[in-house]
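Peer 1: The number in the numbering used here is simply the position in the sequence shown, starting from 1, with 22 added. Every residue, glycine too, gets a C-beta built ideally from N, C-alpha and C. Below you'll find the structure I mean.
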Amino acid sequence: MSQQRLNELKQQLHYHGVKYYVEDSPEIPDVEYDRLMKELLGIEAEHQNG
């Protein structure tokens, strides 16, 4: 995975987190948010392990 995808995921998760937690107006289902988070955590784990 590229650094660009990592940045995209972070931006998407931040945006949807604000919509959900701050504005109480989610745009995606929880399962989709969880999928994005799982992808992000997987990429970060790959980078930590070299």
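#1: Using 9 Å as the threshold, is the C-beta distance between L58 and Q34 below it?
#2: Here's a check: name, in chain order, each residue in its chain whose Cβ is nearer than 8 Å to the Cβ of E66, leaving out the five neighbours to either side.
#3: Less than 9 Å separating the beta-carbons of H36 and P48?
#4: If you measure from the beta carbon of E49 to each beta carbon in chain B, is any gap under 9 Å?
Peer 2: From the atom records:
#1: Their beta carbons are under 9 Å apart, which means L58 touches Q34 by this criterion.
#2: The residues are L28.
#3: With a cutoff of 9 Å on beta-carbon distance, H36 and P48 are scored as not near each other.
#4: Absent from the structure: chain B. Only one protein chain is present.
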